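Peer 1:
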Amino acid sequence: MLALCSEATEFREMFEHAVIRMQDVCVQLQDQEAALLDLCEVVAFAETIYNCCRLILKYTSKPDPLSRFLCSRAMTSVIEDIHDGLDHSIRVFRLLNTALDCRCQWKSDRKRQVSRFKDVLSSDAQVNCGLFFDENGLMMRKSRNRAKEAATLLMNELKNSSDFYDINGLEVVQGALNRLIRICGLQAPSLPEWFVPRNDVEILDDHTEDEHFALSASAGKTFDGRYKNMNVILTKIGVNQLKSFASRWYPLRHPRVLGLYGTCHIAEASMGLLVLQCFRDAATLLEVVSISRYRSFMWQKLYEVALGLQYLHERNVIHGDIGRNTFVIGADMNAKIMGFERPRIEPGWCA
1 MLALCSEATE FREMFEHAVI RMQDVCVQLQ DQEAALLDLC EVVAFAETIY NCCRLILKYT
61 SKPDPLSRFL CSRAMTSVIE DIHDGLDHSI RVFRLLNTAL DCRCQWKSDR KRQVSRFKDV
121 LSSDAQVNCG LFFDENGLMM RKSRNRAKEA ATLLMNELKN SSDFYDINGL EVVQGALNRL
181 IRICGLQAPS LPEWFVPRND VEILDDHTED EHFALSASAG KTFDGRYKNM NVILTKIGVN
241 QLKSFASRWY PLRHPRVLGL YGTCHIAEAS MGLLVLQCFR DAATLLEVVS ISRYRSFMWQ
301 KLYEVALGLQ YLHERNVIHG DIGRNTFVIG ADMNAKIMGF ERPRIEPGWC A
């Protein structure tokens, strides 16, 4: 793993220090009786190692400095989570913590990383690396879409993630954005309130380490995911539908309406992902009330979904696809309205 870290360029030291800590934990565990180790904690430690390996491979696969920079905030946060996982393993296995200053080291590595990005992204050639132009100097359509996406991500860093950066980091973001707009002849991107950067969303299903698996899935396909340390459901949707869908659903905030955290694009595909509240293991209202012995419970759940529908109708929102799977009850036994396949707003209409 250490050899692989050397290919991580701007992240080299940050990855190396995490890997060295992992190796130290492994060495100390070898001296303990295997039968005395908690199997669940061993599995948790193995997951920490797996997450670190996956992160290094993901970063080293990024072909150009701008792509690496755009994923750096999310990856830096994951590395911090990896250190938290190692701290937990050291504590439960009662090991010697040989890296008591890892937090200070992480901050030092972060400053070094920002300095490297600042140097490399100060060059026009590095900012437009991976973008292709025709013989007339005009940017290819696919490259132009990629440049627009990069500009949108940079704008998001300035508007929604500025508290993550120090003054030098913000200079890198602003400088890269200005340079990209100038080189590619773009307009400053507008950022909808529901925008979620693709790098902030992790797809957890099998096969999806390769993003092309998500790309090949059809619209309506759902994946388990993580977003801001929360379990979420990711639903695939056509980009042409995404804007109208999000503009209607995102503002809805009610305990009886399934929440939409935001939407994101998948790479350069003509598809997007809806980032939804997790409703895995939820049963339909019909399934639950049919096995309940208590009529009061049935009426309580019907009342809850009625409150959700009333909330929608007060805002002139028509669900558009009510059916037997529309109303669900989660593990917390709360009823919610979901399945907004064709939501729409009817001006002046109210139930």
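Residue numbers (full-length UniProt numbering): 1 to 351.
Backbone N, C-alpha and C define an ideal beta-carbon position, used for all residues, glycine too.
Computed from a predicted model, the values in this text were never measured in an experiment.
Please state whether DSSP places residue 169 in a helix, a strand or coil.
Peer 2: Helix, per DSSP.
Peer 1: Helix, strand or coil: how does DSSP classify residue 227 here?
Peer 2: Strand.
Peer 1: Just the Cα atoms here: how many angstroms apart are residue 98 and residue 126?
Peer 2: Cα to Cα, residue 98 sits roughly 39 Å from residue 126.
Peer 1: Going by C-alpha distance, which of 132, 197, 289 and 185 is nearest residue 155?
Peer 2: Selected option, being the one with the closest Cα: 197.
Peer 1: Return the bridge partner residues of residue 273 from the DSSP annotation.
Peer 2: Answer is 236 and 264.
Peer 1: If you draw a straight line from the C-alpha of residue 1 to the C-alpha of residue 244, how long is it?
Peer 2: Taking the straight line from one Cα to the other gives about 45 Å.
Peer 1: In or out: residue 333 buried (at least 16 other Cβ within 10 Å) or exposed?
Peer 2: Exposed.
Peer 1: Answer yes or no: do residue 57 and residue 75 have a C-beta to C-beta separation smaller than 8 Å?
Peer 2: Contact: no.
Peer 1: Shortest alpha-carbon distance to residue 170 belongs to which of 183, 118, 136 and 192?
Peer 2: When only C-alpha atoms are compared, the closest one is 118.
Peer 1: With DSSP as the reference, identify every bridge partner of residue 98, one or two as the case may be.
Peer 2: None, per the DSSP bridge assignment.
Peer 1: On the three-state DSSP scale, how would you describe residue 117?
Peer 2: If DSSP states are grouped into helix, strand and coil, residue 117 belongs with the helices.
Peer 1: If you reduce the DSSP assignment to three classes, tell me which class residue 14 lands in.
Peer 2: Looking at residue 14 - three-state DSSP - the assignment turns out to be helix.
Peer 1: Taking only the alpha-carbon atoms, compute the straight-line gap between residue 101 and residue 143 and give it to the nearest angstrom.
Peer 2: Their Cα atoms are separated by approximately 43 Å.
Peer 1: Got a sec? Which residues, its chain only, sit under 6 Å from residue 105 by beta carbon, not counting five neighbours each side?
Peer 2: 17.
Peer 1: Checking 8 Å against the spacing of the C-beta atoms, do residue 224 and residue 204 come in under that value?
Peer 2: In contact: residue 224 and residue 204 (Cβ atoms closer than 8 Å).
Peer 1: Check each candidate in 234, 77, 136 and 257 and name the one with the smallest Cα separation from residue 305.
Peer 2: Nearest C-alpha to residue 305: 257.
Peer 1: Could you check which residue in 237, 320, 48 and 231 has the C-alpha nearest to that of residue 221?
Peer 2: Answer by Cα proximity: 237.
Peer 1: Does the distance from the CB of residue 353 to the CB of residue 239 come in under 8 Å?
Peer 2: Residue 353 is absent from the model: the chain starts at 1 and stops at 351.
Peer 1: Whole angstroms are fine: how far does the CA of residue 302 sit from the CA of residue 310?
Peer 2: Distance between the alpha carbons of residue 310 and residue 302: 12 Å.
Peer 1: Check whether the region 285 to 298 and the region 322 to 332 touch, using three or more Cβ-Cβ pairs below 8 Å as the test.
Peer 2: Touching, yes, given that three or more Cβ pairs across the two stretches are closer than 8 Å.
Peer 1: Among 265, 91 and 260, which residue has its Cα nearest to the Cα of residue 145?
Peer 2: Out of 265, 91 and 260, 265 has the C-alpha closest to the C-alpha of residue 145.
Peer 1: Using a 10 Å radius around the Cβ and a threshold of 16 neighbouring Cβ atoms, would you call residue 65 buried or exposed?
Peer 2: Buried, by the Cβ-count rule.
Peer 1: If we count the other Cβ atoms within 10 Å of its Cβ and call it buried at 16 or more, is residue 227 buried or exposed?
Peer 2: Per the 10 Å Cβ criterion, buried.
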